[in-house]
Structure formats: C-alpha cells, structure tokens
Amino acid sequence: ALKRIEPVNNNLTELLNDISGQSSNADQNKKKAILRNVNERSVREAWQSRGGPPKSRSHWN
24 ALKRIEPVNN NLTELLNDIS GQSSNADQNK KKAILRNVNE RSVREAWQSR
74 GGPPKSRSHW N
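Using this note's numbering, you'd call the opening residue of the sequence shown number 24 and step up by one each time.
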C-alpha cells in the first residue's frame, strides 16, 4: 500500500518499513513522531519558498 512513494523518500520509506515491521506501541509512536517531523519540515520549506509563514496566525502579527 505504501509502495507509491516518491524515489526521493527511499531512505525514509525503508526506515518506516523497518518500524512498521514491529508492532509495539513504542515503535508506533516513533513512526508517528518521524512522520510529524517530516510534515513540519515540509511545511517550513514550503513557507520559506513562499516568503514566510501564513500571516493570518495571530502570533505572527
């Protein structure tokens, strides 16, 4: 199901596959943390390419 991942993400894919090969809660939490970090990094990079974070958030005013 997870085979349609971009080639750029090969290392991440292998890491997540290693983690999902085990079923303990610690591994599930690790997987979630990795995905969350990757998502946050992607958002930050997208913001930078567009000239900064969204201005609608109150703490940026």
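We treat Cβ as the ideally placed atom computed from N, Cα and C, and that holds for glycine.
Assigned with DSSP and collapsed to three states, R59 falls in helix. The straight-line gap separating the alpha-carbon atoms of Q51 and N34 is approximately 18 Å.
In terms of Cα proximity to K55, the closest of G75, E68, N40 and A69 is N40.
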